[in-house]
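Numbering (my numbering), first residue to last: 1 to 381.
C-beta: ideal position from N, C-alpha, C; glycine also.
Data block below; observations after.
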Amino acid sequence: MGRQRVVEADRRHLRLALALAARGAGQTSPNPMVGAVVVRGGRVVGRGYHTRAGAPHAEAVALAQAGRRARGAILYVNLEPCCHFGRTPPCVDTIIGAGVRRVVACMRDPDPRVRGRGFRALRAAGVRVRVGVLLREAGVLNAEFVRRLAAARPLVTLKAGMSLDGRIATRSGESKWITSSRARTAARDLRLAHDAVLVGVNTVVRDDPRLTARVGGVGRATGMRRPGPVRVVLDARLRTPPRARLLNDGGPQAIILTLKAAPEARRRRLRGAGALVLDVPGRDGQVSVGGALRELARRGITSVLVEGGSEVLGAMLDARMADRLALFVAGRVLGGRGALPVFGGRGVGRLRDAVRIRDMSVRPVGQDFLVEGTLVFPRDG
1 MGRQRVVEAD
11 RRHLRLALAL
21 AARGAGQTSP
31 NPMVGAVVVR
41 GGRVVGRGYH
51 TRAGAPHAEA
61 VALAQAGRRA
71 RGAILYVNLE
81 PCCHFGRTPP
91 CVDTIIGAGV
101 RRVVACMRDP
111 DPRVRGRGFR
121 ALRAAGVRVR
131 VGVLLREAGV
141 LNAEFVRRLA
151 AARPLVTLKA
161 GMSLDGRIAT
171 RSGESKWITS
181 SRARTAARDL
191 RLAHDAVLVG
201 VNTVVRDDPR
211 LTARVGGVGR
221 ATGMRRPGPV
231 RVVLDARLRT
241 PPRARLLNDG
251 GPQAIILTLK
261 AAPEARRRRL
271 RGAGALVLDV
281 PGRDGQVSVG
291 GALRELARRG
301 ITSVLVEGGS
311 EVLGAMLDAR
321 MADRLALFVA
331 GRVLGGRGAL
341 PVFGGRGVGR
351 LRDAVRIRDM
361 SVRPVGQDFL
371 VEGTLVFPRD
381 G
């Protein structure tokens with residue numbers, strides 16, 4: 001087979017591995033999404049993907065399906081095989097034991113327990129290794145996992161429903177509902193793609209949201225039932241009512257991030273209501289968004305959907321702690337200086353300091369539009 005045909009075959013089979021990996025979306029955290037394909041004589045003889053944390057890894061599933069046909073075969077995988085003992089045995093041992101002659105992978109695992117060691121172990125055992133094919137696609141697929149390891153925080157998506165002039169409430173505070181029911185359903189679907197949904201205490205007091213995903217929580221790609229996201233509240237003085245719906249709806253446990261100085265009596269009441277109350281660093285009497293995100297990362301949360309309110313969304317921008325944007329825009333104009341803007345905080349004083357949107361897309365959702373993109377912050381200085 002000529003070199004060009006080998007390159008094309010590698011790309012084709014890695015695209016299949018990436019598609020398999022994506023089936024684990026919303027289920028594998030804190031682990032990455034991984035898919036694997038075993039090819040012998042140009043034919044796929046085994047395939048698999050990681051379904052959830054603690055379940056067999058993609059490589060083991062694919063090799064088990066291939067059986068004896070794995071000897072002398074090529075293994076395609078989107079992430080470097082692990083080389084350490086966790087809840088499952090090291091994948092490199094399984095690959096070597098199966099007699100695989102060549103491994104083609106998209107990217108190195110950024111986990112410090114791996115980070116190139118898996119590839120070195122394979123090469124030391126005589127397995128040929130090629131790395132870097134479809135690298136960008138693999139990085140996008142596991143952006144949350146990469147962000148948590150590289151920056152010690154989850155990947156953050158800022159989400160809001162707003163009017164055409166950028167307001168999330170009228171001057172009297174009315175906010176239900178600016179966007180259509182179709183947009184709100186799409187927003188609940190968006191929660192399924194994240195480990196956690198985060199709001200400020202003002203949103204809890206004003207709107208009493210449940211912050212749940214859509215009823216059933218079934219993934220479209222796999223048909224598997226997914227748990228709802230963890231609900232997180234930033235609450236410096238513990239003003240969250242113990243009877244708030246997110247504490248009493250039988251859903252995933254709520255995490256309330258507060259300051260050490262918060263009243264002990266309120267702390268006891270919220271714990272009695274089932275909340276997990278945690279202290280994080282503060283600044284100017286408010287919960288530090290950086291400290292909050294680092295605490296969530298320590299707990300294995302790789303992606304957070306921030307839904308408001310205005311001050312929390314603005315604080316994330318001010319701290320440069322946001323990665324993506326999802327704005328549902330309604331065809332309404334609210335006007336008025338007192339109407340609440342979607343982003344509070346300090347903002348910027350110069351146009352050159354504005355946050356830009358890369359890879360922006362706009363699509364209709366019912367009567368509204370969803371604007372999505374990657375946030376790009378200007379360089380300091």
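DSSP places Met107 within a strand segment (E or B) once states are collapsed to three.
Burial state of Leu155 is buried, judged by a 10 Å Cβ sphere holding 16 or more other Cβ atoms. Apart from the 5 residues on each side of it in sequence, Arg358 sits with its Cβ closer than 7 angstroms to the Cβ of Gly373, Thr374 and Val376 in its chain, given in chain order.
Our two residues, Cys91 and Arg271, have alpha carbons roughly 41 angstroms apart in a direct line. Spanning the alpha carbons of Ala17 and Ala138 requires a straight line of approximately 10 angstroms. Beyond the five residues adjoining it in sequence on each side, Val204 comes within less than 6 angstroms, by CB distance, of Val233, Thr240 and Ala244 in the same chain, given in chain order. Under the rule that a run must span 3 or more residues, the beta strand (DSSP E) segments found entirely inside the stretch 22-68 read 35-40 and 43-49. Rounded to the nearest whole angstrom, the C-alpha separation of Val131 and Met107 is 6 angstroms. When secondary structure is reduced to three states using DSSP, Arg267 falls in the helix class. Taking every protein chain shown into account, the CB of Gly118 has 16 or more other CB atoms within 10 angstroms, so this residue is buried.
The straight-line gap separating the alpha-carbon atoms of Val45 and Met360 is approximately 39 angstroms.
CA-CA distance, Pro364 to Leu293, rounds to 31 angstroms.
Counting only the Cα atoms, Arg182 lies some 11 angstroms from Asp189. Contact between the stretch 269-284 and the stretch 2-12 is absent: fewer than 3 CB-CB pairs across the two stretches fall below 8 angstroms.
Around the beta carbon of Glu307, 16 or more other beta carbons lie within 10 angstroms, which makes this residue buried. Residue Ala339 holds the alpha-carbon nearest to the alpha-carbon of Arg167 among Arg350, Ala339, Arg356 and Asp323. The C-alpha of Leu135 is placed about 19 angstroms away from the C-alpha of His50.
Shortest Cα-Cα distance from Arg52 to any of Gly35, Val103, Ser288 and Ile178 involves Gly35. When secondary structure is reduced to three states using DSSP, Gly272 falls in the helix class. In the three-state scheme derived from DSSP, where H, G and I count as helix and E and B as strand, Asn142 is classed as coil.
If you ignore the 5 residues before and after Ala143, its C-beta comes within less than 7 angstroms of the C-beta of Leu155, all in its own chain and listed in chain order.
Contact holds between the stretch 313-322 and the stretch 341-353, because three or more Cβ pairs, one in each stretch, are under 8 angstroms apart. Taking C-alpha positions only, Arg267 is separated from Ile255 by approximately 12 angstroms.
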